[in-house]
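Student: Numbering-wise, the sequence shown is residues 27 to 272 according to my numbering. Before we start, here is the structure in question, set down as structure tokens.
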Amino acid sequence: MDAIKDEYAEEERKVIRDRTRAGRIERARQGEVVAGVAPYGFRFTPDRKNFEVEEGEAVVVRRVFSMAAEGVGLNGIASALTHDGVPTPRGERGAKGSGDGHTWSRAVLRQMILSDCYLPHTRTDLEALIAEGNLDRAVLVRLDPQGGAYAVWWYNRERVEVRYKDGGKTRRFEDNPREAWVAVPIPDPGIPREHVQEARRRVLNNRAHSSAGRRYWELSGGILFCPCGRRMAAHTVPRKGKHDFY
27 MDAIKDEYAE
37 EERKVIRDRT
47 RAGRIERARQ
57 GEVVAGVAPY
67 GFRFTPDRKN
77 FEVEEGEAVV
87 VRRVFSMAAE
97 GVGLNGIASA
107 LTHDGVPTPR
117 GERGAKGSGD
127 GHTWSRAVLR
137 QMILSDCYLP
147 HTRTDLEALI
157 AEGNLDRAVL
167 VRLDPQGGAY
177 AVWWYNRERV
187 EVRYKDGGKT
197 RRFEDNPREA
207 WVAVPIPDPG
217 IPREHVQEAR
227 RRVLNNRAHS
237 SAGRRYWELS
247 GGILFCPCGR
257 RMAAHTVPRK
267 GKHDFY
């Protein structure tokens, strides 16, 4: 009987989870953000159905994109923000729990530069999202026709797989198929489109050279790569008490 009750309870939890997820997807398709935390540079509207620009943080975001577009690397941007005492998105926790609240990390900056929350989308861009099935036309109709560009916040872009092992719990994030993503238009934070595109180009092409075997492998820095997108990497093979590097 206990086993039957446990099985029934698990099925009930699955039904509730599926209904909750379906409800959130429907809210996103109606143009509402379904998030617990607003992206850096934004805050929730009073009804928590969308974002509005938080000007104090938006100034920092514009600075990040401007520096990146000018060719400043992620380390340089992080050092500049940290030196100036700019609070991080994590607040007092800081990068990797440093606790000072002013230590910026390359990972946070990279994620910011590649996020569509900061890329201005024109009316034509939004129409393309409708054609791809990521945006409902009714949402576009409700937008201000004279409102200019909008950014996009994505829902259902990732799925989380929870695994239980040895009494612990781990989470694994994987991308959903593109057709399952739901686009929610949000206010444009005021970053020039050319700055966003140039910053993305520099970040995506920026890769450190491999130092395997304490050697400098020039071609591993993004110069040589396969058409599938895989970049050249160093490979180590142990052989008779030594290591060969390829």
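Glycine residues also receive a C-beta, built at the ideal position from the N, C-alpha and C atoms.
(1) Using 10 angstroms around the beta-carbon of Ser105, count the other beta-carbons present and answer buried if the total reaches 16, otherwise exposed.
(2) Which of the three DSSP states is assigned to Ile212 in this structure?
(3) Apply the 10 Å Cβ neighbour rule to Ala225 and answer buried if 16 or more other Cβ atoms are within range, or exposed otherwise.
(4) Considering only residues of the same chain and omitting the five flanking positions on each side of Glu187, which have a CB-CB separation below 6 angstroms?
(5) If you run the structure through DSSP and keep just helix, strand and coil, what is Arg119?
(6) In this structure, does DSSP put Glu220 in helix, strand or coil?
(7) Note down, in chain order, each residue of its chain lying with its Cβ closer than 7 angstroms to the Cβ of His285, except the 5 sequence neighbours on either side.
(8) Can you grab the Cα-Cα spacing for the pair His147 / Tyr190, in whole Å?
(9) Determine the direct distance from the alpha carbon of Arg89 to that of Gly57, and round the result to whole angstroms.
(10) Counting along the chain, where does the alpha helix (DSSP H) carrying His109 start and finish?
(11) With 16 other CB atoms within 10 Å as the buried threshold, where does Gly267 fall?
(12) With a floor of 4 residues, list each alpha helix (DSSP H) that falls wholly inside the stretch 154-180, ordered by position along the chain.
(13) Alpha carbon to alpha carbon, how far is Val210 from Pro115?
Tutor: Taking the coordinates as given:
(1) exposed
(2) strand
(3) buried
(4) Arg198
(5) Caution is warranted here: a pLDDT of 43 is assigned to Arg119, below 50, making its placement in the model unreliable, and no coordinate value can be reported.
(6) helix
(7) The question about residue 285 has no answer here: the residues shown for the chain are numbered 27 through 272.
(8) 41 angstroms
(9) 29 angstroms
(10) Residues Leu100 to His109.
(11) exposed
(12) 163-168
(13) 22 angstroms
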